[in-house]
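Enquirer:
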């Protein structure tokens, strides 16, 4: 029944590609310009900037979100976000999610940990050579002095009262520095828990820490995925079409979808997390699907006028888009029922991107492809070139 209603709705839409169809590009261009304004307002999630993610289960009802936020800030805790919602289980009454930026002391701990353990193995090798009277005494003493300096900073921040120069064995130094940094980190956790305890009553708590070094690795991986996927998409598109204008149109459509989705993230305050990043990658795939559908139907098919073929492709593509919107709309509703942030981020980004895809594909891409097809028809091109995979997408 739902499919039948969708088909009837699509059939009732008049062909927008008759007349001055170039005006259709105005709306998506305006949307993209608005999106560009909001993109700088996107904030990074804890995975990409580092920080502490705390999940609290409480038997306390009606936790005042503003009061809890204020109490934590007054305790010197830099709260990035705080959300209070009803517990989905009967065991607790409220759930609280707190995202805390890493404090200057935590950043210092991360730095010392990285510096010390990046050099300790090399110093250990130099020490073995030095003790064996082989060579490298000067180099060893320099590296050892630098390592001890880092270790002394770790002991100072943990207030252990130790001195690295008293620990001659490198393995003992390694163990004591690791213990000191763990103690300093535990002290930071204790301060956070104390501040939370004054702000609200809690029965269970989960603390997930992401260091600055780990978040930088997340960023490196994300950037790598984007570059590799973009490179593969460009190669695939040019293999399929082997002509410039259709290839550029397909890639421009995917870029427009991502820009619109990013703008929506900035507008609605959705952070850039692994979940929203995954949703953006899904949008690229969906955008390529609708763009290739449009391009193959308009350029490769020969029956009727190009505008009629574009209209036929639009009916099929819009049906696909509406079906996807319904699916992600269900996930959006589920996110409100369960209060699972990952569901909310994926569904919201996907829905906004799908709406953007409707404007970008059937506004910008269709205008580019139609204009290209009409010029070819006027010039008398038969369009008989046979790019790879043509048969797959032309049916």
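In our numbering, the protein residues as written are 169 to 563. Cβ coordinates follow ideal geometry from the N, Cα and C atoms, glycine included.
Short of 7 Å in beta carbon distance, which residues of its chain neighbour residue 341, apart from the five on each side in sequence? Order them along the chain.
Expert: The residue you call residue 341 lines up with position 173 of the chain shown. Hits under 7 Å: 319, 332, 335.
Enquirer: With burial defined as no fewer than 16 other Cβ atoms inside 10 Å of the residue's Cβ, what is the status of residue 185: buried or exposed?
Expert: Here residue 185 refers to the residue found at position 17 of the chain shown. Buried, because 16 or more other Cβ atoms sit within 10 Å of the Cβ of residue 185.
Enquirer: DSSP puts residue 263 in a beta bridge; with which residues?
Expert: As a working mapping, residue 263 is identified with position 95 in the chain shown. Answer is 225, 253.
Enquirer: Quick check on residue 560: buried or exposed, where buried means 16 or more other Cβ atoms within 10 Å of its Cβ?
Expert: Mapped onto the chain shown, residue 560 falls at position 392. For residue 560, the pLDDT reaches just 44, beneath the cut-off of 50, and the residue's location in the model is therefore unreliable, although a value from the coordinates is still provided. Answer is exposed; the Cβ neighbour count stays below 16.
Enquirer: Using the rule of at least 16 other Cβ atoms within 10 Å of the residue's Cβ for burial, across every protein chain shown, is residue 439 buried or exposed?
Expert: Your numbering for residue 439 matches position 271 in the chain shown. Residue 439 comes out buried.
Enquirer: Exposed or buried, what is residue 191 when buried is set at 16 or more other beta-carbons lying within 10 Å of its beta-carbon?
Expert: Within the chain shown, residue 191 is the residue found at index 23, counting from 1. Per the 10 Å Cβ criterion, exposed.
Enquirer: Rounded to the nearest angstrom, what separates residue 556 and residue 513 at their Cα positions?
Expert: In the chain shown, the residue the question calls residue 556 occupies position 388. In the chain shown, the residue the question calls residue 513 occupies position 345. Unreliable placement is indicated for residue 556, whose pLDDT of 44 sits below 50; no coordinate value is reported for it.
Enquirer: By Cβ distance, which residues of its chain are closer than 7 Å to residue 253, with the 5 residues on each side in sequence left out?
Expert: What you label residue 253 is simply residue 85 of the chain shown in a count that begins at 1. Around residue 253: 263, 507.
Enquirer: Looking at the structure shown, is residue 553 part of a helix, part of a strand, or coil, going by DSSP?
Expert: Looking up residue 553 in the chain shown gives position 385. Only weak support is given to the placement of residue 553: the predicted model assigns it a pLDDT of 47, under 50, and the value that follows is read from those uncertain coordinates. Here residue 553 sits in coil by DSSP.
Enquirer: To the nearest angstrom, how far is it from the Cα of residue 370 to the Cα of residue 291?
Expert: Taking the first residue of the chain shown as 1, we reach residue 370 at position 202. Taking the first residue of the chain shown as 1, we reach residue 291 at position 123. Looking at the two C-alpha atoms, the distance is approximately 46 Å.
Enquirer: Could I get the ranges of all uninterrupted alpha helix (DSSP H) runs contained in the segment 272-331, with 4 residues as the minimum, in chain order?
Expert: You should have 272-299, 305-326.
Enquirer: According to DSSP, is residue 411 part of a helix, a strand, or is it coil?
Expert: Your numbering for residue 411 matches position 243 in the chain shown. Residue 411: coil per DSSP, three-state reduction.
Enquirer: Please classify residue 425 as buried or exposed, where buried requires at least 16 other C-beta atoms within 10 Å of its C-beta.
Expert: By one-based count along the chain shown, residue 425 stands at place 257. Buried: at least 16 other Cβ atoms inside 10 Å.
Enquirer: What separation, rounded to the nearest whole angstrom, lies between the Cα atoms of residue 530 and residue 446?
Expert: Locating residue 530 in the chain shown gives position 362, counting from the first residue. Locating residue 446 in the chain shown gives position 278, counting from the first residue. Cα to Cα, the separation comes out at about 24 Å.
Enquirer: Could you compute how far the alpha carbon of residue 224 sits from the alpha carbon of residue 519?
Expert: Here the question's residue 224 lines up with position 56 in the chain shown. Here the question's residue 519 lines up with position 351 in the chain shown. Those two C-alpha atoms are separated by around 29 Å.
Enquirer: Is it true that the CB of residue 500 sits closer than 8 Å to the CB of residue 515?
Expert: As a position in the chain shown, residue 515 is number 347, starting the count at 1. As a position in the chain shown, residue 500 is number 332, starting the count at 1. In contact: residue 515 and residue 500 (Cβ atoms closer than 8 Å).
Enquirer: For residue 449, I'd like the list of residues in its chain whose CB is within less than 8 Å of its CB, leaving aside the five on either flank, ordered along the chain.
Expert: The residue given as residue 449 occupies position 281 in the chain shown. Same-chain partners within the cutoff: 393, 397.
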